[in-house]
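J.:
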Amino acid sequence: MKKGVCFLIVLVIFSVSASAGFSDEFSGFFNTIFKVGFEPELHEEYSTPNALGSIVFIHGLFGNRDVWKNVLPDYFGEEYNIFTYEYPTHDSYKTHAMKLAELLKDVRGKIYLVGKSMGGLVARESAHYGYVNNFGIDVKKVILIGTPNSGSPIAGFVNAVEKIFYGGFWANPESVGMLESGDDVRRIPGVEYYAIAGVAKDFRLFDGMFFGEDNDDTVSFDSAIFVGGDELKHEKIFIVSGGHNSLQDEDSSRLFLKEIIGN
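In this text, residue positions in the sequence shown follow the numbering used here: the first is 3, and each later residue adds one.
1) Would you kindly work out how many angstroms separate the C-alpha atoms of Thr50 and Val109, rounded to a whole number?
2) Let's see if you can read the secondary structure: which residues bound the beta strand (DSSP E) around Ile84?
3) Leaving aside the five residues before and after Gly30 along the sequence, list all residues of the same chain whose C-beta is less than 8 Å from its C-beta, in chain order.
4) Helix, strand or coil for Lys260, going by three-state DSSP, please let me know.
5) For the alpha helix (DSSP H) that His130 lies in, which residues bound it at each end?
6) Once you ignore the five residues that flank Phe32 on each side, which residues in its own chain have a CB closer than 7 Å to its CB?
7) Leaving out five residues on either side along the sequence, give the residues of the same chain with a beta carbon under 7 Å from the beta carbon of Ile203.
8) Apart from the five residues on each side of it in sequence, which residues of its chain come closer than 8 Å, Cβ to Cβ, to Lys143?
9) Shortest alpha-carbon distance to Ser255 belongs to which of Ser225, Phe228, Gly231, Val201?
10) Can the beta-carbon of Tyr77 be found closer than 9 Å to that of Ser177?
11) Whose C-beta lies closer than 8 Å to the C-beta of Asn135 among residues of the same chain, with five residues either side of it excluded?
12) Between Phe223, Leu257, Tyr89, which has its C-alpha nearest Gly148's C-alpha?
13) Suppose the cutoff is 7 Å on Cβ atoms and the five residues either side in sequence are ignored; what does the same chain contact list for Asp282 look like?
14) With a threshold of 7 Å on Cβ separation, who are the neighbours of Lys260 within its own chain once the five nearest residues in sequence on each side are excluded?
15) With Leu123 and Val229 assumed to form a contact (beta carbons below 8 Å), what rounded beta-carbon distance in angstroms separates them?
16) Determine the burial state of Leu249: buried for a count of at least 16 other Cβ atoms within 10 Å of its Cβ, exposed for fewer.
17) Please work out which residues of its chain come closer than 8 Å, Cβ to Cβ, to Asp275, disregarding the five sequence neighbours upstream and downstream, and give them in chain order.
18) Just verifying my parser: in three-state terms, what is the DSSP assignment at Ala99?
19) What three-state label does DSSP hand Val73 in the structure shown?
20) Given that a residue counts as buried once 16 or more other Cβ atoms are within 10 Å of its Cβ, and exposed if not, what is Arg126?
21) Can you tell me whether His236 is helix, strand or coil according to DSSP?
22) Looking at the secondary structure, which residues open and close the beta strand (DSSP E) in which Ile227 lies?
23) Just to confirm, is the Cβ distance from Ser152 to Ser225 under 9 Å?
24) Have a look at Tyr87 and Glu81 and give me their C-alpha separation to the nearest angstrom.
25) Quick one: what's Phe59 bridged to in DSSP?
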């Protein structure tokens, strides 16, 4: 009985949090928790002969490839091969970043990594791992959408709740801890880094946790643009009016993404 009540409490917390932009998609949470133990996979969503390069979309915590369902059609019929990387977020994201780097060795030509939230940390870590291990991966651009590069106070809330009820089973403690403190993995020479940062204008459930900083209700603006030990240059930053949950779906985000990839 007590476990049932605890589970209901967790569902309420996640539903409220998701509506405020806490996870990539609330449905992604359920899809992910019932797929415990599945192997990370690079899904080919679209391919074209003589492609200019490949775009790899990477979801965040409790997400899955469906996070990109509104974004992917923007690139169907274009001169890029399109992939999504799906991985279980109850394992360390660094482990899955290394796995992605291994998979990218088979992707020829220029690669554009697009990561949402924790997926941005996976993108950065994967590119770095491939670089230091001489995998020969030709990463041209890393595009970070609402990524907590220098951490997010909301992750501490997730960590506490998840540890109390599930002991770190659904959300890997190391990964969530890194989401709270940030990841200082360095930038790679020759790779261009961009940030699409959200600033929520509507009601923000967790606004008080940011002490006046602009934020998307999950990640502060400063954290989103702080990459590899320094802020990105002004021309590498794109600001979107919107909350974390739907940041990748905002019209302006999708236009910015196409602009970044196309230039």
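Ideal Cβ placement from N, Cα and C applies to all residues, glycine included.
Computed from a predicted model, the values in this text were never measured in an experiment.
T.: In terms of the structure at hand:
1) Numbered from 1 along the sequence shown, position 48 holds the residue referred to as residue 50. Numbered from 1 along the sequence shown, position 107 holds the residue referred to as residue 109. Distance between the alpha carbons of Thr50 and Val109: 13 Å.
2) Counting from 1 along the sequence shown, the entry for residue 84 is found at position 82. Run containing Ile84: 82-88, per the beta strand (DSSP E) assignment.
3) Residue 30 sits at position 28 when you count from the first residue of the sequence shown. In this predicted model, Gly30 has a pLDDT of only 48, less than 50, meaning its place in the structure is not dependable enough to derive any value.
4) Position 258 of the sequence shown, counted from the first residue, corresponds to residue 260. The answer is helix: DSSP assigns Lys260 an H, G or I state.
5) Against the sequence shown, residue 130 aligns to sequence position 128. Run containing His130: 120-134, per the alpha helix (DSSP H) assignment.
6) As a first step, residue 32 must be located in the sequence shown, where it is residue number 30. A caution first: Phe32 carries a pLDDT of 45, below 50, which makes its placement in the model unreliable, though a value can still be read off. The answer is none, since no qualifying residue turns up.
7) What you label residue 203 is simply residue 201 of the sequence shown in a count that begins at 1. Contrary to the premise, residue 203 reads as Lys rather than Ile in this sequence. Counting only Cβ-Cβ distances below 7 Å, and skipping sequence neighbours, we find Ser243.
8) Translated into the one-based positions of the sequence shown, residue 143 becomes position 141. Tyr114, Leu115, Val193, Glu194, Tyr195, Tyr196, Ile262, Ile263, listed in sequence order.
9) Taking the first residue of the sequence shown as position 1, residue 255 is located at position 253. The candidate whose alpha carbon is nearest that of Ser255 is Val201.
10) Reading the sequence shown from its first residue, position 75 is the one you call residue 77. Reading the sequence shown from its first residue, position 175 is the one you call residue 177. No, the pair does not count as a contact, with Cβ atoms beyond the cut-off.
11) Taking the first residue of the sequence shown as position 1, residue 135 is located at position 133. Same-chain partners within the cutoff: Ala103.
12) Residue 148 sits at position 146 when you count from the first residue of the sequence shown. Answer by Cα proximity: Phe223.
13) Absent from the model: residue 282. The displayed extent of the chain is 3 to 265, so no value can be given.
14) Counting from 1 along the sequence shown, the entry for residue 260 is found at position 258. Around Lys260: Asp76.
15) On the sequence shown, position 121 is the one that residue 123 refers to. On the sequence shown, position 227 is the one that residue 229 refers to. In this structure Leu123 does not touch Val229 by the C-beta definition: roughly 10 Å separates them, more than the 8 Å allowed.
16) As a first step, residue 249 is located in the sequence shown; it is residue number 247 there, counting from the start. Its Cβ being crowded by 16 or more others within 10 Å, Leu249 is buried.
17) Missing from the structure shown is residue 275; the chain here goes from 3 to 265 and no further.
18) Position 97 of the sequence shown, counted from the first residue, corresponds to residue 99. If DSSP states are grouped into helix, strand and coil, Ala99 belongs with the helices.
19) As a first step, residue 73 must be located in the sequence shown, where it is residue number 71. Correct three-state label for Val73: coil.
20) What you label residue 126 is simply residue 124 of the sequence shown in a count that begins at 1. When all chains shown are included, Arg126 counts as buried.
21) Working through the sequence shown from its first residue, we reach residue 236 at position 234. It is helical.
22) As a first step, residue 227 is located in the sequence shown; it is residue number 225 there, counting from the start. Careful: Ile227 lies outside any beta strand (DSSP E), inside the alpha helix (DSSP H) at 223-227.
23) The residue labelled residue 152 in the question sits at position 150 within the sequence shown. The residue labelled residue 225 in the question sits at position 223 within the sequence shown. Taking 9 Å as the Cβ cut-off, Ser152 and Ser225 qualify as a contacting pair.
24) Position 85 of the sequence shown holds residue 87. Position 79 of the sequence shown holds residue 81. Tyr87 and Glu81: Cα-Cα distance of roughly 20 Å.
25) By 1-based counting over the sequence shown, the position of residue 59 is 57. According to DSSP, which records beta bridges pairwise, Phe59 is partnered with Thr86, Val116.
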